[in-house]
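**Student:** Take the sequence shown: its letters are residues 3 to 129, numbered as in our numbering. C-beta atoms are modelled at their ideal positions from N, C-alpha and C, and glycine is treated no differently. Just so you know, these numbers come straight off a predicted model, no measurement behind them.
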Amino acid sequence: MRALIVIDVQNDFCPGGALAVPEGDEIVQDINALMADFDAVILTQDWHPAGHSSFASSHKGKNPYDMIEMPYGPQVLWPDHCIQGSMGAKFHMELHQDRADLIIRKGYNPEIDSYSAFFENDHRTPT
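1. Quick check on this structure: which residue in Ala-58, Met-89, Cys-84 has the alpha carbon closest to the alpha carbon of Gln-77?
2. From the DSSP secondary-structure annotation, give me the bridge partner or partners of Gly-75.
3. Would you tell me roughly how many angstroms separate the C-alpha atoms of Ile-106 and Pro-51, rounded to the nearest one?
4. I'd like the ranges of any alpha helix (DSSP H) spanning at least 4 consecutive residues and lying wholly in the region 10-70.
5. For the beta strand (DSSP E) containing Arg-107, list its first residue and its last residue.
Rendered as structure tokens:
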């Protein structure tokens with residue numbers, strides 16, 4: 003079985019989003035085309051509660067992109083992004099999410115950030 007894992011193709015990571023990647027939306031059509039070549043398609047979705055510990059706004063006197071030490075190690079502080087249920091947390095409107103066999107939400111634990119489809123940033127807790 004061949005699986006395609008598509009990471010965080012969400013509005014907040016596309017131009018105009020809270021944590022935009024320049025031209026991040028330009029890859030969406032290529033991802034859609036790739037989906038047909040795989041037996042399984044898995045999408046990850048950054049899914050933070052408001053007030054998440056990785057948000058700079060949760061730490062008095064800190065700014066986005068400052069580094070702090072968390073119990074699991076160093077943490078970059080981010081602008082508030084991909085807040086559960088927000089427009090920014092939704093998948094890009096052109097992404098063929100109906101082709102997904104599984105959607106993995108990550109970053110929903112308010113005390114630990116997650117960049118992986120497999121483990122939280124402590125490298126022990128499954129996503």
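**Tutor:** Result, derived from the coordinates:
1. Ala-58
2. Met-72
3. 15 angstroms
4. 30-37
5. 104-108
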